[in-house]
Amino acid sequence: MHGVRRARQSKEALEAKRRKEQSKLRDYLALTDDVLTRKKRNEWSREALHATTQLLQVNPEFYTVWNYRRRILINGVFPESTPEQIKDLLTDDLSLTMEALKIHPKVYWIWTHRGWCLNNVPSRPGISDDGDPRGWEKELWNQELFVVEKLLDADPRNFHAWSYRRLVLESMPVPKLETSELAYTTRKIESNFSNFSAWHQRSKVLSSLWSQGKLDETKSKEEEFDLVHNAMYTDPKDQSVWIYHRWLIGSGDSRDILEREIAIIQSLLEEEPDSKWCMESLVHYKRLLLRNHASSVVTSTLTQDCIKLLDQLRKVDPGRRARYNEIGKVVVIPNCVF
Amino acid sequence: MSHELNSLLIPLHVSYIQNLGKNKDDLMYHLTAHLRMNAIYWGLTALCIMGHREALDRDEMIDYVMSCWDEETGGFGAHPDHDAHILSTLSAIQILVTQDAIERLDINRVVKFILSLQQPSGVFAGDSFGEIDTRFTYIAVNALSLLGRLKDLDVEKTVNYIVQCRNFDGGFGSRIGAESHAGQVFVCCAALTILDRLDAIDTSMLSWWLAERQLPNGGLNGRPEKLEDVCYSFWVLSSLSMLKKVHYIDSDKLISFILSAQDPEGGGIADRPGDMPDVFHTHFGVAGLSLLGYPGLVDIDPVYCMPAALIEKMGLRKGWQALERRTG
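If you read the sequences in order, they're chains W and H. Okay, so the first sequence: first residue is 1 according to full-length UniProt numbering, each after it adds one. Okay, so the second sequence: first residue is 1 according to full-length UniProt numbering, each after it adds one.
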């Protein structure tokens with residue numbers, strides 16, 4: 001149970017609520033009994049399908065009933081339906097699950113059933129040479145991307161929805177261009193810099209575009225640094241941005257980039273002298289300089305910088321001081337900075 | 001009668017858990033039947049950690065668990081006549097192991113059910129309909145280990161999938177490509193720990209990410225820029241225990257946060273202060289307090305999420321480190 005406020009009710013109020021619930025409870029138990037009895041009989045009729053609809057509308061978390069519903073469709077209803085009818089049945093189930101998701105957007109079973117529906121859309125029949133046999137699949141999967149965008153508008157951090165979005169992108173008969181997914185993450189990030197789910201998705205899309213050579217990695221990375229600088233100056237307390245920045249830096253192979261970014265963060269720290277994230281990032285990047293570029297930097301100065309920053313971190317972020325202490329111990333050991 | 005929220009109200013939580021099974025004329029009781037097997041495991045484990053294992057009737061519990069076994073598939077459902085699922089199967093095994101009743105189990109059939117759910121990619125599905133998740137991988141690894149049958153598992157294939165779920169922040173997601181989430185970090189770390197493959201974890205990155213889950217009010221969140229929730233107390237702390245870094249967070253503040261989420265009248269712990277309690281948060285709150293060394297509690301094993309002495313007796317203890325138990 002999440003986010004349901006505790007309310008103290010009098011004994012009388014609780015009793016009244018309980019009495020009011022009794023008829024609902026009787027109906028629910030009767031319906032459950034009816035469905036499970038039919039299930040045990042391996043009944044695949046339309047009446048059974050209807051009974052599962054009723055039960056799932058009351059309780060969409062009843063996974064056994066979703067399973068039974070799929071078995072009824074596969075074993076009883078689909079074999080006697082035309083492809084058009086199968087498509088209509090699946091469209092009905094998409095509506096049923098949509099209604100359920102509006103109230104329960106974090107119930108795994110509902111998402112799973114949607115995916116199953118889409119994976120069972122039949123090929124369009126009777127197409128000779130002028131049509132696309134995957135027309136229905138394309139139509140429904142495209143529509144699904146739109147649906148998942150609506151759900152992510154309602155809750156931009158719902159990880160079920162993001163996970164489902166990736167599934168849709170992988171499953172669409174005509175894949176969406178990854179550059180347009182990149183543009184989607186830009187929109188999500190611009191509407192809220194602290195949406196780490198969107199930053200995460202962006203890191204995956206960019207890695208893929210870079211590795212396939214569809215985007216020039218060096219140039220594209222520079223654009224990412226611009227985006228992230230903008231975000232870190234807007235709200236230096238937002239950890240999403242700093243985590244993404246750490247991804248851009250990666251293992252810190254480029255000394256030029258490391259030194260440039262250190263200078264930028266240093267000047268942000270001057271404006272925001274208590275910024276824990278500036279200090280924490282500076283320690284990490286200076287340690288990368290020490291590890292990867294020891295021969296071309298002044299190691300004693302960098303080590304001293306780290307020790308000073310760690311002292312400050314212990315003051316501004318005392319709850320995590322044990323971690324800063326541990327880093328402080330290794331940073332002074334030459335050639336053993338991590 | 002109201003209590004101060006500066007200590008763990010053990011007697012109240014024990015009676016809260018005992019009363020959960022007595023609400024049979026309550027609609028909510030029946031609407032949550034699909035979670036019953038998990039709920040019994042949460043309740044029993046919380047009781048063990050509070051030192052009150054006997055508060056629920058052992059024989060009744062074992063009979064109930066066995067009534068949920070699905071002869072046809074070899075797995076357990078969440079309730080009699082509910083379909084077998086890997087989620088309820090692990091809870092059933094954990095309950096039977098905790099109650100020293102594993103002889104009731106047809107181990108070969110259960111092992112076969114679990115192994116049948118591994119996909120060619122290495123990840124496990126929850127049931128025959130094929131929903132995949134690293135949660136299910138952990139469940140399979142944990143269950144096979146408790147049953148002494150890890151030798152039947154294709155370890156390389158299993159680890160290989162988990163590694164592909166590792167993100168640049170050191171955390172793990174539910175599937176390849178999914179965002180890091182503290183619950184998924186727990187399941188992936190615990191599976192790797194059981195399989196002796198901690199080398200697949202970027203310890204310094206991950207312990208940083210985990211330490212940053214703590215918010216100024218002491219509570220832990222599950223992902224960056226999200227709200228705190230008592231259940232993450234266990235998922236973040238258990239992962240930190242496996243990495244031997246529980247001291248990276250402020251334990252006093254987290255203890256206060258968990259205690260403040262107790263219901264001082266009816267008992268139980270909620271997701272956050274002032275909310276309705278439930279057995280899930282009660283279990284994870286108590287488990288979190290145990291890892292933080294809260295006085296008077298019994299040690300919990302962060303890998304198996306079961307009483308530590310039991311896991312040790314079975315010879316399954318791994319090299320985790322929780323905080324030392326405080327006195328008084």
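C-beta: ideal position from N, C-alpha, C; glycine also. Note that this is a predicted model, so its numbers are computed, not measured.
Answer with buried or exposed for Asp127 (chain H), where buried requires no fewer than 16 other C-beta atoms within 10 angstroms of its C-beta. buried
Who are the neighbours of Gln239 (chain W) on chain H, taking C-beta pairs under 9 Å? Glu212, Pro224, Glu225
Counterpart residues of Met306 (chain H) in DSSP-defined beta bridges: H:Asp301
For Arg323 (chain W) and His247 (chain H), what's the separation of their Cα atoms in angstroms? 8 Å
Give every residue of the same chain whose Cβ lies closer than 6 Å to the Cβ of Gly218 (chain H), excluding the five residues on either side of it in the sequence, and list them in chain order. Lys253, Leu254, Ser256, Phe257
So which residues of chain H does Glu181 (chain W) contact, with C-beta pairs closer than 7 Å? Result: empty, since nearest Cβ-Cβ is about 12 Å, beyond 7 Å.
Within a Cβ cutoff of 8 Å, which residues of the same chain sit near Leu323 (chain H), ignoring the five residues on either side of it in sequence? Val246, His247, Ser251, Leu291, Leu292, Gly293
In terms of residue numbering, what span does the alpha helix (DSSP H) encompassing residue 329 (chain H) cover? Shown here, chain H extends from 1 to 328; a query on residue 329 (chain H) therefore has no answer.
Pick from W:Asn119, W:Arg157, W:Leu151: whose alpha carbon is nearest that of Glu139 (chain W)? W:Asn119
Taking 8 Å as the threshold (C-beta atoms), are Asp238 (chain W) and Ser194 (chain W) in contact? yes
Could you check whether the Cβ of Thr64 (chain W) sits closer than 8 Å to any Cβ belonging to chain H? yes
Burial state of Met61 (chain H), where buried means 16 or more other Cβ atoms lie within 10 Å: buried
Along chain W, in chain order, which residues have C-beta atoms closer than 8 Å to that of Arg175 (chain H)? Ser163, Arg166
Can you name the start and end residues of the alpha helix (DSSP H) that Met28 (chain H) belongs to? 27-31
Could you name the residues of the same chain whose beta carbon sits closer than 6 Å to that of Gly319 (chain H), not counting the 5 residues immediately before and after it, in chain order? None.
Got a sec? Which residues, its chain only, sit under 6 Å from Leu87 (chain H) by beta carbon, not counting five neighbours each side? none
Please check if any C-beta of chain W sits within less than 8 Å of the C-beta of Glu131 (chain H). yes
Beta bridge counterpart(s) of Gln118 (chain H) as assigned by DSSP: H:Phe124
Exposure label - Thr73 (chain H); buried when at least 16 CB within 10 Å: Buried: at least 16 other Cβ atoms inside 10 Å.
Do Trp242 (chain W) and Ser267 (chain W) come within 8 Å of each other at the CB atom, strictly closer than that value? no
Show which residues of chain W have a CB atom less than 8 Å away from the CB atom of His181 (chain H). Phe159
Between the stretch 271-290 of chain H and chain W, which residues of the former have CB atoms less than 7 Å from a CB of the latter, in chain order? Asp271, Gly274, Asp275, Met276, Asp278
For Cys188 (chain H) and Cys165 (chain H), believed in contact at Cβ under 8 Å, the rounded distance: A Cβ-Cβ separation of about 6 Å places Cys165 (chain H) in contact with Cys188 (chain H) under the 8 Å criterion.
Which residues in the same chain as Ser2 (chain H) place their Cβ atom closer than 7 Å to its Cβ, once the five residues preceding and following it in sequence are excluded? Only weak support exists for where Ser2 (chain H) lies, its pLDDT of 48 falling under 50; the value from the coordinates is given anyway. The beta carbon of Ser2 (chain H) lies closer than 7 Å to those of Pro264, Glu265 in the same chain, with the five residues before and after it left out.
Hey, is Glu217 (chain W)'s beta-carbon within less than 8 Å of any beta-carbon in chain H? no
Option in W:Lys276, W:Val297, W:Asn292 with minimal Cα separation from Gln312 (chain W): Gln312 (chain W) has its Cα closest to that of W:Lys276, out of W:Lys276, W:Val297, W:Asn292.
Say whether chain W places a C-beta atom closer than 8 Å to the C-beta of Ile249 (chain H). yes
Backbone secondary structure at Leu215 (chain H) - three-state DSSP: The answer is coil: DSSP assigns Leu215 (chain H) none of H, G, I, E or B.
Establish whether the CB of His85 (chain H) and some CB of chain W are separated by less than 8 Å. yes
Can you tell me whether Leu220 (chain H) is helix, strand or coil according to DSSP? strand
Count the other CB atoms, across all protein chains shown, that sit within 10 Å of the CB of Gln212 (chain W); report buried if there are 16 or more and exposed otherwise. When all chains shown are included, Gln212 (chain W) counts as exposed.
Through-space distance from Arg36 (chain H) to Val65 (chain W), alpha-carbon basis: The C-alpha of Val65 (chain W) lies about 16 Å from the C-alpha of Arg36 (chain H).
First and last residue of the alpha helix (DSSP H) that includes Cys68 (chain H)? No alpha helix (DSSP H) contains Cys68 (chain H), which DSSP labels as neither H nor E.
Contact set for Ala39 (chain H): own chain, Cβ-Cβ below 6 Å, skip 5 residues either direction: Val279
Start-to-end residues for the alpha helix (DSSP H) that takes in Cys306 (chain W): 299-316
From what residue to what residue does the alpha helix (DSSP H) around Glu43 (chain W) run? Unbroken run through Glu43 (chain W): none, as it is neither H nor E.
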